[in-house]
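Undergrad: After the structure tokens below, expect a handful of questions from me.
There are 2 protein chains.
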Amino acid sequence: MVRAAPYNRVAALEAATQLFWEKGYVGTSLKDLENVLSMKPGSIYAAFKSKEDLFSMSLELYFEQNLVALRSLQESDAPLLTALGAFLLRIGENAEGDPLCRPCMVVKTLLETSSISEDLTNQSRIYLNEMVGEIKAVLDLAQERGELVADVNTSQLAHRFQANLTALRLEAHVSDQPDILRQLARDMVEELERYSAQKQTL
Amino acid sequence: MVRAAPYNRVAALEAATQLFWEKGYVGTSLKDLENVLSMKPGSIYAAFKSKEDLFSMSLELYFEQNLVALRSLQESDAPLLTALGAFLLRIGENAEGDPLCRPCMVVKTLLETSSISEDLTNQSRIYLNEMVGEIKAVLDLAQERGELVADVNTSQLAHRFQANLTALRLEAHVSDQPDILRQLARDMVEELERYSAQKQTL
DNA sequence: ATACAGTTTGAGTGATCACTCAAATTACAA
DNA sequence: TTGTAATTTGAGTGATCACTCAAACTGTAT
Numbered sequence: 000m001v002r003a004a005p006y007n008r009v010a011a012l013e014a015a016t017q018l019f020w021e022k023g024y025v026g027t028s029l030k031d032l033e034n035v036l037s038m039k040p041g042s043i044y045a046a047f048k049s050k051e052d053l054f055s056m057s058l059e060l061y062f063e064q065n066l067v068a069l070r071s072l073q074e075s076d077a078p079l080l081t082a083l084g085a086f087l088l089r090i091g092e093n094a095e096g097d098p099l100c101r102p103c104m105v106v107k108t109l110l111e112t113s114s115i116s117e118d119l120t121n122q123s124r125i126y127l128n129e130m131v132g133e134i135k136a137v138l139d140l141a142q143e144r145g146e147l148v149a150d151v152n153t154s155q156l157a158h159r160f161q162a163n164l165t166a167l168r169l170e171a172h173v174s175d176q177p178d179i180l181r182q183l184a185r186d187m188v189e190e191l192e193r194y195s196a197q198k199q200t201l
Numbered sequence: 000m001v002r003a004a005p006y007n008r009v010a011a012l013e014a015a016t017q018l019f020w021e022k023g024y025v026g027t028s029l030k031d032l033e034n035v036l037s038m039k040p041g042s043i044y045a046a047f048k049s050k051e052d053l054f055s056m057s058l059e060l061y062f063e064q065n066l067v068a069l070r071s072l073q074e075s076d077a078p079l080l081t082a083l084g085a086f087l088l089r090i091g092e093n094a095e096g097d098p099l100c101r102p103c104m105v106v107k108t109l110l111e112t113s114s115i116s117e118d119l120t121n122q123s124r125i126y127l128n129e130m131v132g133e134i135k136a137v138l139d140l141a142q143e144r145g146e147l148v149a150d151v152n153t154s155q156l157a158h159r160f161q162a163n164l165t166a167l168r169l170e171a172h173v174s175d176q177p178d179i180l181r182q183l184a185r186d187m188v189e190e191l192e193r194y195s196a197q198k199q200t201l
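First to last, the sequence lines map onto chains H and V. Letter 43 of the first sequence, counting from 1, is numbered 42 in numbering that gives the first Met the number 0, and no numbers are missing. Letter 191 of the second sequence, counting from 1, is numbered 190 in numbering that gives the first Met the number 0, and no numbers are missing.
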């Protein structure tokens, strides 16, 4: 009775996400989407209702994938502070094609849509808040495990980490001096590790 | 012989800058510009050649104004590190209508135009590099004056400051928790003042 | 007053925008 | 095989995009 959809919804959403991430909401036309999704306008609208809805779903997918990366940290027993620092160092390497070394799609969306679509702006805001909450959860766990000094405000430190992450991804996009970027990442890691319970006092 | 232009070029450019800053390049239509500049399309094109050129001039104006603010620091004899920190603390207050508490137009442009206009992207990149150079100049002067410890890499610290500034302006745009934002600003100031030559050792 | 050059005007350009829908196609049940 | 409902198709919708240009207007020189 129900015919299987001949398009792969997940694959289509992932392709849309990449396109939107790169070109932004306004900068992406339906022609662009038709090409990338290999779907005609009618199919796109049947499947995703509107360009804005499709963007919203793409943003959600992007967010969920980032959330998964953070959650997986908490499930392993690897040192948490080291793992957080590794994110920064990875951005510092600025490897070609590493998605973490491109500006965050949520941040891009927030900036782009702040006078275009209130819905997308709010969605971005919510995601950023959820992300910082997830970082805080990692830091709380690190405190439980005795990796992080007990007297630090994890909420505050989470915001600091998110700020560093965002700024570093931006710098990776701007900088043409690998040394500067790498050292910037190291400075941020050093700052983070000043709260490590394991570290020797200076 | 030459009739005085009945439009005020500087005022028009400033109005265009505000509009572009808020709505972005793609998000601003010529209709929007006509309204804000009180000019008909023909006049706009006679005066500014194209939408992209007008945007470019607006971005330049924005940049020059920011540059002036930094240069003026070097001409006064007020403590430089304190003055730099004051920028951060001002963002931390997130006062309604304070332009410093809105995301940087250059950063917005860089993110928005990276797949739209190579020219505007390059222009943004250049401005960000000039800004960080100007921050470095302030830090170098601070070293000369003995305000800043001698062994710190001012180029590196300048990049760190710029990253903090950018991230903080972004956070001011996202956050609905004044306390968090204020504390974030204070953390950044504290980090900066660890390089103060005047400060007492911990 | 008249001529004229500089400036503004705004309807109109073709292109592109997001989006629609009747018709063709397809997969499955009977 | 046939009937049917789900899906895809893609030409076409009106709206809006950045932009143009001939005509009207305006300030100045003569």
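Where a beta carbon is used, it is the ideal one built from N, C-alpha and C, also for glycine.
Let me see if you follow: with CB-CB separation under 8 Å, is G26 (chain H) close to chain V or not?
TA: yes
Undergrad: Output the distance between the C-alpha atoms of N163 (chain H) and C103 (chain H), rounded to the nearest integer angstrom.
TA: 12 Å
Undergrad: Would you kindly report the start and end of the unbroken alpha helix (DSSP H) that includes K212 (chain H)?
TA: Past the boundaries of the shown model lies residue 212 (chain H); chain H is included only from 0 to 201, so the question cannot be answered.
Undergrad: On a CA-only basis, which of H:M130, H:R89 and H:S57 is nearest H158 (chain H)? Give me that one, please.
TA: H:M130
Undergrad: Relative to the alpha-carbon of L58 (chain V), which residue among V:P78, V:L12, V:S37 and V:V188 has its alpha-carbon at the smallest distance?
TA: The candidate whose alpha carbon is nearest that of L58 (chain V) is V:L12.
Undergrad: CB L69 (chain H) to CB E133 (chain H), shorter than 8 Å?
TA: Yes.
Undergrad: Ignoring anything shorter than 4 residues, give me the alpha helix (DSSP H) runs that lie fully in the segment 6-79 of chain V, in order along the chain.
TA: 8-22, 29-36, 40-47 and 50-74
Undergrad: With DSSP run on the structure shown, which of helix, strand or coil describes S114 (chain V)?
TA: coil
Undergrad: Are there three or more Cβ pairs, one per stretch, closer than 8 Å when the segment 80-98 of chain H is compared with the segment 180-189 of chain H?
TA: Here the segment 80-98 of chain H makes contact with the segment 180-189 of chain H; the two share three or more CB pairs at distances below 8 Å.
Undergrad: Have a look at V173 (chain H) and W20 (chain V) and give me their C-alpha separation to the nearest angstrom.
TA: 19 Å
Undergrad: Check this for me: beta carbons of L275 (chain V) and L191 (chain V), under 8 Å apart or not?
TA: Coverage of chain V is limited to positions 0 through 201, which leaves residue 275 (chain V) absent and any answer about it impossible.
Undergrad: For G96 (chain H), is the classification buried or exposed, using 16 other Cβ atoms within 10 angstroms of its Cβ as the cut-off for buried?
TA: Counting Cβ neighbours within 10 Å, G96 (chain H) comes out exposed, since fewer than 16 surround it.
Undergrad: Applying the criterion that 16 or more other CB atoms from any shown protein chain within 10 Å of the CB defines a buried residue, is E111 (chain H) buried or exposed?
TA: buried
Undergrad: Determine, using beta carbons only, whether G132 (chain V) comes closer than 8 Å to chain H.
TA: no
Undergrad: Between which two residues does the alpha helix (DSSP H) harbouring E189 (chain V) extend?
TA: P177 to E192
Undergrad: List the residues of chain H that Q155 (chain V) touches, going by C-beta distances under 9 Å, in chain order.
TA: Against Q155 (chain V), the close residues of chain H are I179, Q182, L183 and D186, in the order they occur along the chain (beta-carbon pairs closer than 9 Å).
Undergrad: Going along the chain, which residues of its own chain have a beta-carbon closer than 7 Å to the beta-carbon of V203 (chain H), five neighbours each way excluded?
TA: Nothing about residue 203 (chain H) can be reported from this structure: the residues present for chain H run from 0 to 201 only.
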